[in-house]
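The C-terminal residue of the sequence shown carries number 452 in UniProt numbering, and the numbering is unbroken. For each residue, glycine too, the CB sits at the ideal point set by N, CA and C. Heads up: the structure comes next, in structure tokens.
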Amino acid sequence: MPNFNLSPLRYHICLAPNWGAPLRTSLYAPRYQPVAPTTRAEEACRLALSPVRSSLSRAIGGSLLSPGSATQSSPLSSVMARAEDDKVPIFAFCRTRDDAAKVQEAANEVAVATSLVSTKGPTPILHLGLDYAPPCDAPTIDAARCCQRLAQSVSKGGTRTMGRVLLAAATLGSTQELLRTLGPILGDGAVVVADCQTSGKGRGGNQWTSPIGCLMFSAVRRLRVASPVQAPFINYLVCLAVTRGVQKALQESGLPALDLRIKWPNDIYAGGLKVAGALIHTTWQGGWFNVIAGIGLNVNNRTPTTCLDELLERAASERTTCEGETGGNGCVHGEANQAQTYISRESVLTSILASLEEVYDTFEQQGFAPLEPEYLATWLHSGQVLDVDESDTTTSVVGATNASRRITRVTIRGLSSSGFLLAEDAGGSWYELTPDGNSLDMMQGLIRRKLQ
1 MPNFNLSPLR
11 YHICLAPNWG
21 APLRTSLYAP
31 RYQPVAPTTR
41 AEEACRLALS
51 PVRSSLSRAI
61 GGSLLSPGSA
71 TQSSPLSSVM
81 ARAEDDKVPI
91 FAFCRTRDDA
101 AKVQEAANEV
111 AVATSLVSTK
121 GPTPILHLGL
131 DYAPPCDAPT
141 IDAARCCQRL
151 AQSVSKGGTR
161 TMGRVLLAAA
171 TLGSTQELLR
181 TLGPILGDGA
191 VVVADCQTSG
201 KGRGGNQWTS
211 PIGCLMFSAV
221 RRLRVASPVQ
231 APFINYLVCL
241 AVTRGVQKAL
251 QESGLPALDL
261 RIKWPNDIYA
271 GGLKVAGALI
281 HTTWQGGWFN
291 VIAGIGLNVN
301 NRTPTTCLDE
311 LLERAASERT
321 TCEGETGGNG
331 CVHGEANQAQ
341 TYISRESVLT
351 SILASLEEVY
361 DTFEQQGFAP
371 LEPEYLATWL
381 HSGQVLDVDE
391 SDTTTSVVGA
401 TNASRRITRV
411 TIRGLSSSGF
421 LLAEDAGGSW
431 YELTPDGNSL
441 DMMQGLIRRK
451 LQ
């Protein structure tokens, strides 16, 4: 079997209609190079696409046919190829090291050319039949632009692994569920992003609303850590990466910073309203965490709460009002500022992915300690006074003399060494509250177990 080494490449799989077909699967790789060390081009493509075809079939609820078996009535899924110097942002999935052979598509069949064919633009190298038409349009997010940004050097905002594989779609059931299916095939750093999720989930099985303009994506990363007891910190890594990434994107776009705050354990708030949430799925095996971080961030959508664009508009309006009060021309200033209140999902996505790679790398090498000051400076809860209802919350009391009381007033002090929420009561007893099974109600000041 050919040994396909995909690690040097960056791919983007775009689920979108093209050429009259209801679905196109395109794989993008800004850094293109041959990946199949075999002279049997047709067999190489068949073997390379087989696991992807079967997994994608399960994930989207359809069945992909074998190359050459599609009929005229079947919609097609095309894998496109391009040369490295081609300006068209459609790239190669697989190609052989045999310079005398090139896989071509003709009449819904896979063929192997006897010599290289000179073409302009993207060249279809393989067609896969698809026996259903998914109800989706082309994704509005420019995934090729994201790939190009991520392919830059790390010093210029690029990444080494995060976003190496980027799958974009207009509509998916759940980016996280799809990545749980395709992750083992797509590999470390794979990302799935969608304009709309029909079955997006939050903590506790809550449904995540996904209006157009919301950035919804999931990313996979394998983390080498000393012990599985470090799992709670992964929530904090992801939330910190979101706030850090958004601020970087704003700075790079010439926009002002926003007051974003982490609400324990996995939400991002601004002005008392939720703008982002994260759902983390982890598995532990042999010294590694396999982490799939699902993130939803309100970027351009004003419902159901608020979004980055609206927050930027408010900031611009406040600056305009201030300028007007000091004798400036408020209308002119307002128009100028309004033109600078839009942030693209592409810039936010790439900045968050770069920040994810940063915090993951730091955590692997040094643990959470170097990141804790930044995290605590960003979260909402330092010094917050809350009531712990011990009758319906999972707590462990360190050194408590009266653990039987039902309501205890505590002050949040930070995070424990185990990654739990750390609180102290008036008598000096310390409490650890785990993220799972608890919800933090800011309005009532009460930590309680969420009812199922």
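With DSSP run on the structure shown, which of helix, strand or coil describes residue i?
{"i": "residue 197", "result": "strand"}
{"i": "residue 416", "result": "coil"}
{"i": "residue 49", "result": "Residue confidence is low: residue 49 scores 44 on pLDDT, short of 50, so the model does not pin down where it sits. Its coordinate-derived value is still stated next. Residue 49: helix per DSSP, three-state reduction."}
{"i": "residue 332", "result": "Confidence is the limiting factor: at residue 332 the pLDDT is only 40, short of 50, which leaves the residue's position unreliable and the question unanswerable from this model."}
{"i": "residue 188", "result": "coil"}
{"i": "residue 403", "result": "Here residue 403 scores only 48 on pLDDT, less than 50, and its place in the model should not be relied on; the value that follows carries that caveat. Residue 403: coil per DSSP, three-state reduction."}
{"i": "residue 243", "result": "helix"}
{"i": "residue 233", "result": "helix"}
{"i": "residue 124", "result": "Its pLDDT being 34, under 50, residue 124 is placed unreliably in this model, and the coordinates cannot settle the point."}
{"i": "residue 433", "result": "strand"}
{"i": "residue 352", "result": "helix"}
{"i": "residue 169", "result": "strand"}
{"i": "residue 342", "result": "coil"}
{"i": "residue 225", "result": "coil"}
{"i": "residue 378", "result": "helix"}
{"i": "residue 164", "result": "coil"}
{"i": "residue 214", "result": "strand"}
Alpha carbon to alpha carbon, how far is residue i from residue j?
{"i": "residue 274", "j": "residue 261", "result": "9 Å"}
{"i": "residue 239", "j": "residue 220", "result": "15 Å"}
{"i": "residue 425", "j": "residue 385", "result": "9 Å"}
{"i": "residue 429", "j": "residue 420", "result": "15 Å"}
{"i": "residue 228", "j": "residue 314", "result": "43 Å"}
{"i": "residue 494", "j": "residue 388", "result": "Shown here, the chain extends from 1 to 452; a query on residue 494 therefore has no answer."}
{"i": "residue 125", "j": "residue 357", "result": "Model confidence at residue 125 stands at a pLDDT of 33, short of 50, so the residue's coordinates are unreliable; what they give is reported in the following sentence. Roughly 33 Å separates the two Cα atoms."}
{"i": "residue 294", "j": "residue 175", "result": "7 Å"}
{"i": "residue 339", "j": "residue 282", "result": "The pLDDT assigned to residue 339 is 44, lower than 50, so where the model puts this residue is not dependable, and the model offers no usable value."}
{"i": "residue 383", "j": "residue 164", "result": "41 Å"}
{"i": "residue 309", "j": "residue 303", "result": "11 Å"}
{"i": "residue 272", "j": "residue 345", "result": "22 Å"}
{"i": "residue 263", "j": "residue 187", "result": "31 Å"}
{"i": "residue 366", "j": "residue 374", "result": "15 Å"}
{"i": "residue 360", "j": "residue 152", "result": "19 Å"}
{"i": "residue 305", "j": "residue 157", "result": "30 Å"}
{"i": "residue 259", "j": "residue 431", "result": "29 Å"}
{"i": "residue 415", "j": "residue 170", "result": "39 Å"}
Taking a contact to mean a Cβ-Cβ separation below 7 Å, would you say residue i touches residue j in this structure?
{"i": "residue 172", "j": "residue 143", "result": "no"}
{"i": "residue 231", "j": "residue 247", "result": "no"}
{"i": "residue 350", "j": "residue 146", "result": "yes"}
{"i": "residue 218", "j": "residue 192", "result": "yes"}
{"i": "residue 241", "j": "residue 216", "result": "no"}
{"i": "residue 288", "j": "residue 224", "result": "yes"}
{"i": "residue 253", "j": "residue 347", "result": "yes"}
{"i": "residue 423", "j": "residue 407", "result": "no"}
{"i": "residue 280", "j": "residue 234", "result": "yes"}
Could you work out which residue in the options is closest to residue i when comparing CA atoms only?
{"i": "residue 318", "options": "341, 360, 228", "result": "341"}
{"i": "residue 378", "options": "216, 236, 182", "result": "236"}
{"i": "residue 427", "options": "414, 413, 409", "result": "409"}
{"i": "residue 292", "options": "411, 271, 182", "result": "182"}
{"i": "residue 316", "options": "304, 361, 281, 255", "result": "255"}
{"i": "residue 368", "options": "411, 417, 352, 346", "result": "417"}
{"i": "residue 284", "options": "311, 360, 345, 222", "result": "222"}
{"i": "residue 286", "options": "311, 306, 226", "result": "226"}
Below 8 Å on the Cβ atoms is my guess for residue i versus residue j; work out the distance and round it to an integer in Å.
{"i": "residue 161", "j": "residue 354", "result": "Not confirmed; about 11 Å, so no contact."}
{"i": "residue 250", "j": "residue 343", "result": "6 Å"}
{"i": "residue 290", "j": "residue 278", "result": "Not confirmed; about 16 Å, so no contact."}
{"i": "residue 298", "j": "residue 212", "result": "About 11 Å separates the two Cβ atoms, so there is no contact after all."}
{"i": "residue 363", "j": "residue 371", "result": "7 Å"}
{"i": "residue 380", "j": "residue 269", "result": "7 Å"}
{"i": "residue 141", "j": "residue 168", "result": "6 Å"}
{"i": "residue 190", "j": "residue 178", "result": "That belief does not hold up - the Cβ atoms of residue 190 and residue 178 are roughly 10 Å apart, past 8 Å."}
{"i": "residue 296", "j": "residue 214", "result": "6 Å"}
Is there a Cβ from chain B that is less than 7 Å from the Cβ of residue i?
{"i": "residue 167", "result": "Note that chain B does not occur in the displayed structure, where there is just one protein chain."}
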